[in-house]
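Peer 1: Counting from 34, one number per residue, gives the positions in the sequence shown under the numbering used here.
We put the CB at the ideal spot given by N, CA and C, even for glycine.
Predicted model only: the values in this text are computed from it and were never measured.
Submitted below is the structure of interest, expressed as structure tokens.
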Amino acid sequence: QPSARKSNLGEVGETTKMADRLTQLQDAVNSLADQFCNAIGVLQQCAPPASFSNIQTAINKDQPSNPTEEYAQLFAALIARTAKDVDVLIDSLPSEESTAALQAASLRQLEEENHDAAARLEEVVYRGDLLLEKIQSALADIAQSQLRTRSGGPSQTTLPES
34 QPSARKSNLG EVGETTKMAD RLTQLQDAVN SLADQFCNAI GVLQQCAPPA
84 SFSNIQTAIN KDQPSNPTEE YAQLFAALIA RTAKDVDVLI DSLPSEESTA
134 ALQAASLRQL EEENHDAAAR LEEVVYRGDL LLEKIQSALA DIAQSQLRTR
184 SGGPSQTTLP ES
């Protein structure tokens with residue numbers, strides 16, 4: 034059977050995705066069961082009465098021409114669509130090929146990506162700290178200049194070194 038699944042099962046949140054797929058699958062199967070029950074109920078309600086040899090029954094001629102045909106088509110379409118959804122959800126579940134070795138490889142890949150992200154984060158934090166020091170130094174120089182200006186002292190402006 035063809036599968037459009039990616040071979041990389043090590044995506045972030047794969048366990049959550051699988052649980053979500055299982056929930057979706059359970060919901061689809063429940064919906065399919067509801068549709069079967071509703072279809073049977075409606076067909077029983079709309080079916081013409083069976084004739085028995087011992088009992089004479091009067092058939093109501095005021096009934097619509099053939100509502101059972103419309104209901105049959107409607108429920109057939111609903112059931113077929115839901116069954117197709119169930120098949121798609123089943124195909125999206127991880128395969129049996131997902132062995133412990135593949136899971137370990139996926140975990141190693143995730144750990145490597147996590148390590149790379151941590152290194153990038155440390156670099157960004159380091160650069161942020163440097164910028165913060167420059168900003169604090171510039172603010173201190175501005176405050177000193179304002180104090181000297183207010184106290185009437187000589188105005189000496191020094192440019193901060195960058």
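Give the secondary structure of A116 by DSSP, where H, G and I count as helix, E and B as strand, and everything else as coil.
Peer 2: Helix at A116.
Peer 1: For the alpha helix (DSSP H) holding A176, just list the boundary residues, first then last.
Peer 2: Element bounds for A176: A133 to S184.
Peer 1: Count the other CB atoms, across all protein chains shown, that sit within 10 Å of the CB of T115; report buried if there are 16 or more and exposed otherwise.
Peer 2: Label assigned to T115: buried.
Peer 1: Would you call L180 buried or exposed, if buried means 16 or more other Cβ atoms sit within 10 Å of its Cβ?
Peer 2: By the 10 Å Cβ count, L180 comes out exposed.
Peer 1: Within 10 angstroms of its Cβ, does A61 collect 16 or more other Cβ (buried), or is it exposed?
Peer 2: Per the 10 Å Cβ criterion, buried.
Peer 1: According to DSSP, is A80 helix, strand or coil?
Peer 2: Correct three-state label for A80: coil.
Peer 1: So A110 packs on L76, CB below 8 Å; how close in whole Å?
Peer 2: Going by Cβ atoms, the distance from A110 to L76 rounds to 15 Å, so no, they are not a contact pair.
Peer 1: Return helix, strand or coil for S128, following the three-state DSSP convention.
Peer 2: It is coil, neither helix nor strand.
Peer 1: Mind checking whether L126 and Q57 have CB atoms under 7 Å apart?
Peer 2: Contact: no.
Peer 1: Please state whether the Cβ-Cβ distance between A80 and F108 is less than 7 Å.
Peer 2: Going by C-beta atoms, A80 is not nearer than 7 Å to F108.
Peer 1: Would you tell me roughly how many angstroms separate the C-alpha atoms of T132 and S139, rounded to the nearest one?
Peer 2: Between T132 and S139, the C-alpha separation is close to 11 Å.
Peer 1: By Cβ distance below 8 Å, which residues in the same chain neighbour F69 in space, the five residues on each side in sequence not counted?
Peer 2: Excluding positions up to five away in sequence, the list reads I112.
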